[in-house]
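Residue numbers (the working numbering), protein chains in the order written: chain A, 2 to 90; chain B, 148 to 593.
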């Protein structure tokens, strides 16, 4: 089988965030959009680390804790901007 | 001498029972100790920060008529009348002007020249400063006002509050603890991670803890090597000039979480204060149940640990209140030191109310209730909501409110969640469960 390297772009980042949220938060989540507010979905300080570790696994991201700001977690879109910038996409 | 906790505390900290104290409720002082230390990713909401900073109002419970308390906000007058009605002697309250919800009471006070001047006058009268915990900020306040701190210096306080220190002390005293390592360098961290790979491969879980994490933050549990390696790399990726202070240890199943407190006097004597069952939810502290339902042998074991622990802390320069987290495993085995919190603890503030209101054969639960709100509410409105569920007299049953500032702390535009802290008192554990359920229902919880 040929290996296909998936290109990481912002669309994929958003999808990965949605998938990671589902894993971390479990349960029935409403439809995730870029405007979805992470803390209103139920993410807490414990979940933040879990979320980032899932994104590292999925996207090859390497998070520097020093770069994290509260604003990055205001919404899915804000987090996607942060992750995309970290990945250089 | 009155044999009550606050009188004993004055004697322990100052050598006299009539010293007038200025109390500061600077909760989450760990955030100051954690400055310059590498951390796991952490973010806090503005709402949670506001609530934590307004926990400073707990300090009212420790202070007496000859004492002073500095607060971020003026207490609700009906709440003060309520506390007085419970039999508390209220201190003189000083409120910082220009308070910022995201700052501790110490930071607010440092930004208020008039309040600093008032506190300087208190210093001239012989008052001493007692904080929830001592960081460089509280030392700065002491210098700015001339109020001597009735506590060791911040360097000592930070040092003995490190989870790395807790492990080292437990090792030194031969106290049972999970297999683990305190890591103060990148090399030690890498060595510990290497040891843990075998544990994880054998199906065991590993906890990674920041040495200065507060209230369940800065802790993560891993059960696979890939995740362990990711966290290792994440920590090493931190700022080069930030210190590495982490504990890595086997994550042992707990059946009962405990919190016990003792007080180390300035002269080195150690007095055991109490032990309670700590209620936790996903490593975050939720409250305490007292008395704990433990065999007499376990209670005796805990009391026997306090003396050598306190002696070690005294030898290392600490004096003051010490809270220790411990747990019992499924086989009934006691792990007597998980974490040493050499500062005031949540349960410290409950003691004066317990002494007044919880009878010798009663049971109590200290917790907070989430309060979904659309707008700030006055104390009168909340106490009307709880009509019939508050004790009418000492020895009665129901909810004793012990912090009201946290109810409206995160009010802004739109709905918010308040926290109503209190002590539920009952005659039996079944009655306690029922009263707790009714309070939850009445406050709009599920």
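Ideal placement from N, C-alpha and C gives every residue a C-beta, glycine not left out. Owing to the predicted nature of the structure, the values given are computational and were not obtained by experimental measurement.
* Asked: Is residue 312 of chain B near residue 487 of chain B, with beta carbons less than 8 Å apart?
  -> For the purposes of this step, residue 312 of chain B is taken as residue 165 along the second chain, with counting starting at 1. For the purposes of this step, residue 487 of chain B is taken as residue 340 along the second chain, with counting starting at 1. Yes, Cβ-Cβ distance for residue 312 of chain B and residue 487 of chain B is below 8 Å.
* **Beta-carbon neighbours of residue 190 of chain B, restricted to chain A and to distances below 8 Å** => Working through the second chain from its first residue, we reach residue 190 of chain B at position 43. Near residue 190 of chain B (Cβ distances below 8 Å), the residues of chain A are 46, 49, 69, 70, 71, 73 and 74.
* Asked: Which value, in whole angstroms, describes the spacing of the CA atoms of residue 227 of chain B and residue 253 of chain B?
  -> Taking the second chain and counting its residues from 1, one reaches residue 227 of chain B at position 80. Taking the second chain and counting its residues from 1, one reaches residue 253 of chain B at position 106. In a straight line, the C-alpha of residue 227 of chain B is about 22 Å away from that of residue 253 of chain B.
* To do: Taking a Cβ distance cut-off of 9 Å, strictly less, list which residues of the stretch 374-394 of chain B are near chain E, in chain order.
  => This model lacks chain E altogether, as its protein chains are A and B.
* Should residue 356 of chain B be flagged as near chain A, meaning a C-beta pair shorter than 8 Å? -> One-based indexing of the second chain puts residue 356 of chain B at position 209. No, its Cβ sits nowhere closer than 8 Å to a Cβ of chain A.
* **Inter-residue Cα distance where the pair is residue 27 of chain A and residue 391 of chain B** => For the purposes of this step, residue 27 of chain A is identified with residue 26 of the first chain, where counting begins at 1. For the purposes of this step, residue 391 of chain B is identified with residue 244 of the second chain, where counting begins at 1. Here the alpha carbon of residue 27 of chain A sits roughly 33 Å from the alpha carbon of residue 391 of chain B.
* Tell me whether residue 551 of chain B sits in a helix, a strand or coil according to DSSP, three-state version. => Here residue 551 of chain B corresponds to residue number 404 of the second chain, with the count starting at 1. In this structure, residue 551 of chain B counts as coil in the three-state DSSP scheme.
* Mind listing which residues of the stretch 177-210 of chain B have their C-beta closer than 9 Å to chain A's C-betas, in chain order? -> When CB distances to chain A are screened at a threshold of 9 Å, the residues of the stretch 177-210 of chain B falling below it are 185, 186, 187, 188, 189, 190, 191, 192, 193, 194 and 195, in chain order.
* **Status (buried if at least 16 other CB within 10 Å, exposed otherwise) for residue 260 of chain B** => The residue labelled residue 260 of chain B in the question sits at position 113 within the second chain. Exposed: under 16 other Cβ atoms inside 10 Å.
* To do: With a floor of 3 residues, list each beta strand (DSSP E) that falls wholly inside the stretch 281-368 of chain B, ordered by position along the chain.
  => Those beta strand (DSSP E) runs which fall completely within the stretch 281-368 of chain B and span 3+ residues are 327-330 and 353-357.
* CB contact flag (residue 52 of chain A, residue 9 of chain A, <8 Å) -> The residue labelled residue 52 of chain A in the question sits at position 51 within the first chain. The residue labelled residue 9 of chain A in the question sits at position 8 within the first chain. Between residue 52 of chain A and residue 9 of chain A, the C-beta gap is not smaller than 8 Å, which leaves the two residues out of contact.
* To do: Consider the Cβ of residue 9 of chain A: report whether some Cβ of chain B lies at a distance smaller than 8 Å.
  => Walking along the first chain from the start, residue 9 of chain A turns up at place 8. Not an interface residue.
* **Spatially closest choice to residue 375 of chain B from B/219, B/339, B/437 and B/403, by CA coordinates** => As a working note, residue 375 of chain B is residue 228 in the second chain. The residue with the shortest Cα to Cα distance from residue 375 of chain B is B/339.
* To do: Compare the C-beta of residue 18 of chain A with all C-beta atoms of chain B and state if any pair is closer than 8 Å.
  => By 1-based counting over the first chain, the position of residue 18 of chain A is 17. It does not: the Cβ of residue 18 of chain A has no partner Cβ on chain B nearer than 8 Å.
* Where the beta strand (DSSP E) through residue 487 of chain B begins and ends -> Mapped onto the second chain, residue 487 of chain B falls at position 340. If you look at residue 487 of chain B, you'll find it in the beta strand (DSSP E) that goes 481-488.
* Asked: Looking only at its own chain, which residues have a Cβ that is under 8 Å from the Cβ of residue 235 of chain B, when we skip the five neighbours before and after it?
  -> Counting from 1 along the second chain, the entry for residue 235 of chain B is found at position 88. Contacts found: 207, 208, 499, 500 and 503.
* Just the C-alpha distance for residue 285 of chain B and residue 278 of chain B, rounded to the nearest angstrom, thanks. => For the purposes of this step, residue 285 of chain B is taken as the residue at position 138 of the second chain. For the purposes of this step, residue 278 of chain B is taken as the residue at position 131 of the second chain. If you take the alpha carbons of residue 285 of chain B and residue 278 of chain B, they lie about 7 Å apart.
* Exposure of residue 222 of chain B, with buried meaning 16 or more beta-carbon neighbours within 10 Å -> Position 75 of the second chain, counted from the start, is the residue given in the question as residue 222 of chain B. Buried.
* Residue of B/535, B/187 and B/559 minimising C-alpha distance to residue 248 of chain B -> Start at 1 with the first residue of the second chain, and residue 248 of chain B comes out as number 101. Residue B/559 is the option with its Cα nearest to residue 248 of chain B.
* To do: Taking 8 Å as the threshold, find out whether the stretch 393-412 of chain B comes into contact with the stretch 312-330 of chain B through three or more Cβ pairs.
  => Counting Cβ pairs under 8 Å, three or more are found: they touch.
* Asked: Could you give the distance in angstroms between the alpha-carbon of residue 57 of chain A and the alpha-carbon of residue 63 of chain A?
  -> Counting from 1 along the first chain, the entry for residue 57 of chain A is found at position 56. Counting from 1 along the first chain, the entry for residue 63 of chain A is found at position 62. Each residue's Cα considered, the two are about 6 Å apart.
* To do: Establish whether the CB of residue 31 of chain A and some CB of chain B are separated by less than 8 Å.
  => Taking the first residue of the first chain as position 1, residue 31 of chain A is located at position 30. The beta carbon of residue 31 of chain A does not come within 8 Å of any beta carbon belonging to chain B, so the residue lies off that interface.
* As assigned by DSSP and simplified to three states, the class of residue 40 of chain A -> As a first step, residue 40 of chain A must be located in the first chain, where it is residue number 39. In the structure shown, residue 40 of chain A adopts helical secondary structure according to DSSP, grouped into three states.
* **Neighbour-count burial assignment, residue 182 of chain B, 16 or more Cβ in a 10 Å radius** => For this step, residue 182 of chain B is matched to residue 35 along the second chain. That one is exposed.
* Should residue 552 of chain B be listed as close to the ligand ADP, given that the test is whether its C-beta is under 7 Å from any heavy atom? -> No copy of the ligand ADP occurs in the structure displayed, which carries no ligand at all.
* Asked: Under three-state DSSP, which class holds residue 511 of chain B?
  -> By one-based count along the second chain, residue 511 of chain B stands at place 364. Strand at residue 511 of chain B.
* To do: Would you check if there are 3 or more beta carbon pairs closer than 8 Å linking the stretch 39-50 of chain A to the stretch 156-172 of chain B?
  => As far as the Cβ criterion goes, the stretch 39-50 of chain A does not touch the stretch 156-172 of chain B, which means the pair count is below three.
* Check whether the Cβ atoms of residue 484 of chain B and residue 456 of chain B lie closer than 8 Å to each other. => Residue 484 of chain B sits at position 337 when you count from the first residue of the second chain. Residue 456 of chain B sits at position 309 when you count from the first residue of the second chain. In this structure, residue 484 of chain B sits near residue 456 of chain B, with a CB-CB distance shorter than 8 Å.
* What is the DSSP secondary structure of residue 435 of chain B, reduced to helix, strand or coil? -> For the purposes of this step, residue 435 of chain B is taken as the residue at position 288 of the second chain. DSSP places residue 435 of chain B in strand when its eight states are reduced to three.
* Would you be able to state if there are at least three C-beta pairs under 8 Å between the stretch 541-549 of chain B and the stretch 568-579 of chain B? => Cβ pair count under 8 Å is three or more, so yes.
* To do: Put residue 423 of chain B into one of helix, strand or coil per three-state DSSP.
  => As a first step, residue 423 of chain B must be located in the second chain, where it is residue number 276. Of the three classes helix, strand and coil, the one that applies to residue 423 of chain B here is strand, per DSSP.
* Hey, how far is the Cα of residue 444 of chain B from the Cα of residue 451 of chain B? -> Here the question's residue 444 of chain B lines up with position 297 in the second chain. Here the question's residue 451 of chain B lines up with position 304 in the second chain. Each residue's alpha carbon lies about 10 Å from the other.
* To do: Within the same chain, show all residues whose beta-carbon is closer than 7 Å to that of residue 289 of chain B, passing over the 5 residues directly before and after it, in chain order.
  => Taking the first residue of the second chain as 1, we reach residue 289 of chain B at position 142. Apart from the 5 residues on each side of it in sequence, residue 289 of chain B sits with its Cβ closer than 7 Å to the Cβ of 276, 295 and 296 in its chain, given in chain order.
* Asked: Between which two residues does the alpha helix (DSSP H) harbouring residue 73 of chain A extend?
  -> Within the first chain, the letter at position 72 stands for residue 73 of chain A. For residue 73 of chain A, no alpha helix (DSSP H) run applies, since DSSP gives it neither H nor E.
* So, does the CB of residue 553 of chain B fall closer than 8 Å to a CB anywhere in chain A? -> Counting from 1 along the second chain, the entry for residue 553 of chain B is found at position 406. Residue contact check for residue 553 of chain B against chain A: no CB pair falls below 8 Å.
* Asked: What do you get for residue 231 of chain B, buried or exposed, if any count of 16 or more other CB atoms within 10 angstroms of its CB means buried?
  -> As a first step, residue 231 of chain B is located in the second chain; it is residue number 84 there, counting from the start. Answer is exposed; the Cβ neighbour count stays below 16.
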